[in-house]
Amino acid sequence: YPESLSLDSSCFSSPPVTFLQELPSYRSIARKRTTILSWDKQSGTLLKPTDSYSSQLEGEITENLDNQSIRKYALNISEKRRLRDIQETQMKYLSEWDQWKRYSSKSWERFIEKAREMTTHLELWRKDIRSIEGKFGTGIQSYFSFLRFLVLLNLVIFLIIFMLVLLPVLLTRYKITNSSFVLIPSKGADIQCTVYPISSSGLIYFYSYIIDLLSGTGFLEDTCLFYGHYTIDGVKFQNFIYDLPLAYVLSTVAYLALSLLWIVKRSVEGFKSNLIRSEEHFQSYCNKIFAGWDFCITSRSVADLKHSSLRYELRADLEEERIRQKIAERTSEETIRIYSLRLFLNCIVLAVLAACFYAIYRATIFSQEHMKKEIDKMVFGENLLILYLPSIVITLANFITPIIFAKIIHYEDYSPGFEIRLTILRCVFMRLATICVLVFTLDSKITSCDNYPCELCGYNQKLYPCWETQVGQEMYKLMIFDLIIILAVTLFVDFPRKILVTYCSSWKLFQCWGQQEFAIPDNVLGIIYGQTICWIGAFFSPLLPAVATLKFIIIFYVKEISLLYTCRPSPRQFRASNSNFFFLLVLLIGLCLAIIPLTISIARIPSSKACGPFTNFNTTWEVVPKMVSTFPSSLQSLVHGITSEAFAVPFFMIL
Numbered sequence: 001y002p003e004s005l006s007l008d009s010s011c012f013s014s015p016p017v018t019f020l021q022e023l024p025s026y027r028s029i030a031r032k033r034t035t036i037l038s039w040d041k042q043s044g045t046l047l048k049p050t051d052s053y054s055s056q057l058e059g060e061i062t063e064n065l066d067n068q069s070i071r072k073y074a075l076n077i078s079e080k081r082r083l084r085d086i087q088e089t090q091m092k093y094l095s096e097w098d099q100w101k102r103y104s105s106k107s108w109e110r111f112i113e114k115a116r117e118m119t120t121h122l123e124l125w126r127k128d129i130r131s132i133e134g135k136f137g138t139g140i141q142s143y144f145s146f147l148r149f150l151v152l153l154n155l156v157i158f159l160i161i162f163m164l165v166l167l168p169v170l171l172t173r174y175k176i177t178n179s180s181f182v183l184i185p186s187k188g189a190d191i192q193c194t195v196y197p198i199s200s201s202g203l204i205y206f207y208s209y210i211i212d213l214l215s216g217t218g219f220l221e222d223t224c225l226f227y228g229h230y231t232i233d234g235v236k237f238q239n240f241i242y243d244l245p246l247a248y249v250l251s252t253v254a255y256l257a258l259s260l261l262w263i264v265k266r267s268v269e270g271f272k273s274n275l276i277r278s279e280e281h282f283q284s285y286c287n288k289i290f291a292g293w294d295f296c297i298t299s300r301s302v303a304d305l306k307h308s309s310l311r312y313e314l315r316a317d318l319e320e321e322r323i324r325q326k327i328a329e330r331t332s333e334e335t336i337r338i339y340s341l342r343l344f345l346n347c348i349v350l351a352v353l354a355a356c357f358y359a360i361y362r363a364t365i366f367s368q369e370h371m372k373k374e375i376d377k378m379v380f381g382e383n384l385l386i387l388y389l390p391s392i393v394i395t396l397a398n399f400i401t402p403i404i405f406a407k408i409i410h411y412e413d414y415s416p417g418f419e420i421r422l423t424i425l426r427c428v429f430m431r432l433a434t435i436c437v438l439v440f441t442l443d444s445k446i447t448s449c450d451n452y453p454c455e456l457c458g459y460n461q462k463l464y465p466c467w468e469t470q471v472g473q474e475m476y477k478l479m480i481f482d483l484i485i486i487l488a489v490t491l492f493v494d495f496p497r498k499i500l501v502t503y504c505s506s507w508k509l510f511q512c513w514g515q516q517e518f519a520i521p522d523n524v525l526g527i528i529y530g531q532t533i534c535w536i537g538a539f540f541s542p543l544l545p546a547v548a549t550l551k552f553i554i555i556f557y558v559k560e561i562s563l564l565y566t567c568r569p570s571p572r573q574f575r576a577s578n579s580n581f582f583f584l585l586v587l588l589i590g591l592c593l594a595i596i597p598l599t600i601s602i603a604r605i606p607s608s609k610a611c612g613p614f615t616n617f618n619t620t621w622e623v624v625p626k627m628v629s630t631f632p633s634s635l636q637s638l639v640h641g642i643t644s645e646a647f648a649v650p651f652f653m654i655l
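So the sequence shown is numbered by UniProt numbering: it starts at 1 and just counts up by one.
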């Protein structure tokens, strides 16, 4: 015991330690090391596993010499060296072929390991994300990792659309290959349905270019950015004809399937982690107290924040325990009262949602009816306001409703954890449903005619001669406006707020205002909102994934600068595993909501007769049955069986 004390004092006779060495986990490790060293010194022997265990290891190595790795055993270096000597001795008794296989297998494993190390250095924003992780912990780091994932996802989606749709068109247009366009044959469509007036070029004001750039109209309307540009039936190469309508549909199916599989693959890891973390309340207390520290933190201020976060979690757990006890002791009258209050408050929530959806509906109709006026008849600000009216209303709704929901939730008497989850769920529904409301409003406007019948073309050709392009323009405007709002809030709200709080700290008003918090859920909902817009709009605007990629790259640097210089981390921190699973779960909800209006647009609404590759089809999806009809009869029967409701419904339920 005295010898142990002397060793312990010698171990801690170094210069003043950092705050990490004051943690109980560090001291327990130091005590273990001291005890082991003192026991070794008294006995004069090295720690070794028991003889039975050593013989068992040697037996395993002898039996599995070809694929054995000593690294997987929790042994000290001297024991591993002894086992390696045994391996090398036994290698001498193998044949040359077996020795060559052994050495080649080891070399391949080393090569794979080195290649993985090299690929980690090629990761996008690796240094920036590691720096954020070190300064602010794994919770905020998970947001930036999630943003990097969306950049890569949109880049891959863009490459799929580029390879299947855009590349054959560019190769033919610029005479890079010996190919030509196959024009769409006329099938007796009414001449009124084929009229597509595009903005004429001529003497126009300079600000018109700005409006066109922000709204996708004018000079951008007939570019490869939008659906109407691809009014061809195919590309004829030397040996085959490339079916562009089929490739267009398959590219949409491919990017949606890829997004689904990629998200599910990444979310499985988070689901496993969450499944492992499902624990009893007593285990939750133990984990927070003994294993709750984030060892990636290196900043003292962030360490203090982590301490306060752990205290907040413990207080929240105790509050939940108090509420559970309160629920258990609740009388019948109190139960009826609280459920009646919750029913009333949920009716208010539904009323707020309905009011927002109706405002978006009216703004969309007003914008669509007035956007066809001549630019000369409107001033610059009025024209821009008409074009962006749905986007402005959606942004205001997304800004106001979370504040209302946060006020309402306090009166519903839920536990703190459930309050956060329910508020986030309501905000998710609000943000993503607004996009669906916009698309459904456009669809209803497209398929309804006011003063003349729609039977001639199947849709409102007078207002929407190329309705796919105009839906793509709406998605493009939402994407651009969302980026403008993020930049404007950072430049004109966060930075001035930081300056006022820093240099006018003596004023009580600014002290109460404080620095802007970097709220992880709000920021995540913002980028998932943008990704849902991209999924819906990529069919109508094939280059929208490229725009989304650039947008998310800009957002990454803007948010990084804002985090480092203007924001402070939220006291309610998220674990990285919980955050990643939550982000991907909300992203999966966004993908499901994006598929619904997109499927209706492809399968139910008649395709435009004046533009696009589907002018000779009643709907976009008709190109798939046409392709299937060219298959052999046995293969046709198989395809019809797979696509039937009897197979498809149970399959998607299981999936």
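The C-beta atom is built at its ideal place from N, Cα and C for all residues, glycine as well.
All values derive from a computational prediction rather than experimental measurement.
Assign residue i to one of two classes, buried (16 or more other C-beta atoms within 10 Å of its C-beta) or exposed (fewer than that).
i, result
"K609", "buried"
"V649", "exposed"
"D494", "buried"
"P625", "exposed"
"K48", "Only weak support exists for where K48 lies, its pLDDT of 41 falling under 50; the coordinates are left without a value."
"M653", "exposed"
"V349", "buried"
"G641", "exposed"
"S259", "buried"
What number of angstroms, rounded off, separates the C-alpha of residue i from the C-alpha of residue j?
i, j, result
"V524", "Y143", "7 angstroms"
"V302", "L425", "28 angstroms"
"M430", "L341", "22 angstroms"
"T62", "S105", "In this prediction, T62 scores a pLDDT of 46, lower than 50, which makes its location untrustworthy; no coordinate-derived value is stated."
"I360", "Q636", "44 angstroms"
"K445", "Y557", "39 angstroms"
"S267", "N580", "8 angstroms"
"L396", "T643", "42 angstroms"
"I486", "F492", "10 angstroms"
"I132", "I555", "15 angstroms"
"A433", "F631", "40 angstroms"
"F399", "D522", "10 angstroms"
"E645", "E468", "28 angstroms"
"A594", "S562", "30 angstroms"
"I589", "T89", "58 angstroms"
"T447", "H370", "18 angstroms"
"L318", "T335", "22 angstroms"
"W39", "D85", "Unreliable positioning characterises W39 in this predicted model, as indicated by a pLDDT of 41, which lies under 50. The coordinate reading is nonetheless provided below. So the alpha carbons of these two residues sit roughly 27 angstroms apart."
"N346", "T423", "12 angstroms"
"L261", "L225", "27 angstroms"
"I409", "I323", "15 angstroms"
"S107", "K101", "10 angstroms"
"Y174", "T566", "48 angstroms"
"E374", "L220", "A caution first: E374 carries a pLDDT of 47, below 50, which makes its placement in the model unreliable, though a value can still be read off. In a straight line, the C-alpha of E374 is about 17 angstroms away from that of L220."
Quick one: measure Cβ to Cβ for residue i and residue j, integer angstroms, because I've assumed they're closer than 8 angstroms.
i, j, result
"A519", "G530", "Not quite, the Cβ-Cβ distance comes to about 17 angstroms (not below 8 angstroms), so this is no contact."
"I536", "L598", "6 angstroms"
"I404", "V352", "6 angstroms"
"P390", "P197", "Between P197 and P390 the Cβ distance is about 23 angstroms, and since that is not below 8 angstroms, they are no contact."
"S367", "L387", "7 angstroms"
"D443", "I338", "Not confirmed; about 41 angstroms, so no contact."
"L587", "I263", "6 angstroms"
"S179", "K127", "So it is not a contact: roughly 44 angstroms between Cβ atoms."
Cutting at 8 angstroms between CB atoms, please list the residues of its own chain near residue i, excluding the five before and the five after it.
i, result
"L183", "I232 and D233"
"V195", "Q461, P465 and A610"
"I553", "V151"
Can you give me the Cβ contacts of residue i inside the same chain, cut-off strictly under 6 angstroms, excluding the 5 residues immediately before and after it?
i, result
"S25", "At S25 the pLDDT is 49, less than 50, meaning the model places this residue with poor confidence and gives no usable figure here."
"Y620", "Correcting the residue type first, residue 620 is Thr in the shown sequence and not Tyr. These residues qualify, in order along the chain: I602, S607 and F614."
"S299", "K135"
"S255", "Looking at the sequence itself, residue 255 is Tyr, so the reference to Ser does not match. Cβ neighbours of Y255 beyond the five flanking positions: I157 and I160."
"residue 675", "In this structure the chain extends from 1 to 655, so residue 675 is not present and cannot be described."
"M627", "L246"
By Cβ distance below 7 angstroms, which residues in the same chain neighbour residue i in space, the five residues on each side in sequence not counted?
i, result
"L314", "K288"
"M475", "I533, I536, G537, F540, S541 and L544"
"L310", "K288 and G292"
Quiz prompt | Contact between the stretch 495-507 and the stretch 473-482 (3+ Cβ pairs under 8 angstroms) | solution = Put simply, the stretch 495-507 does not touch the stretch 473-482. Fewer than three CB pairs are less than 8 angstroms apart.
Taking 8 angstroms as the threshold, find out whether the stretch 527-543 comes into contact with the stretch 157-177 through three or more Cβ pairs.
The answer is yes - the stretch 157-177 touches the stretch 527-543, with three or more Cβ pairs under 8 angstroms.
(Q) Does the structure place the stretch 346-362 close enough to the stretch 437-450 that three or more beta carbon pairs sit under 8 angstroms? (A) Pairwise C-beta distances place the stretch 437-450 in contact with the stretch 346-362, as three or more of them are shorter than 8 angstroms.
| Should the stretch 234-251 be regarded as contacting the stretch 163-173, the criterion being three or more beta carbon pairs within less than 8 angstroms? | Three or more beta-carbon pairs separated by less than 8 angstroms link the stretch 234-251 to the stretch 163-173, which places the two stretches in contact.
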